Amino acid sequence: SIEQSTTSHHLGILKSKGVLSSKRNGKNTFYYLKYDRLSEIVDCITKCKV
Numbered sequence: 019s020i021e022q023s024t025t026s027h028h029l030g031i032l033k034s035k036g037v038l039s040s041k042r043n044g045k046n047t048f049y050y051l052k053y054d055r056l057s058e059i060v061d062c063i064t065k066c067k068v
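Okay, so the sequence shown: first residue is 19 according to the working numbering, each after it adds one.
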């Protein structure tokens with residue numbers, strides 16, 4: 019299990035590099051991939067066998 023602070027740190031890095039965007043809803047922040055094409059790349063990498 020990853021600690022919340024570690025997750026927030028990494029999400030912040032990805033957002034600052036333009037990989038993610040976020041939306042706030044009350045106390046919650048929802049992160050999502052900034053470009054649809056990135057989702058396809060992540061899916062491809064996930065399915066690859068090394």
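We put the beta carbon where it would ideally sit given N, CA and C, even for glycine.
Since this is a predicted model, take the numbers as computed values, not measurements.
L51 is bridged by DSSP to L38. For the pair E21 and L56, the Cα-to-Cα distance works out to about 25 Å. In terms of Cα proximity to I59, the closest of S26, V37, H28, G30 is V37. Here the C-alpha atom of S19 lies approximately 14 Å from the C-alpha atom of S26. Residues K41 of the same chain have their beta carbon placed closer than 6 Å to that of F48, with the five preceding and five following residues left out of the count.
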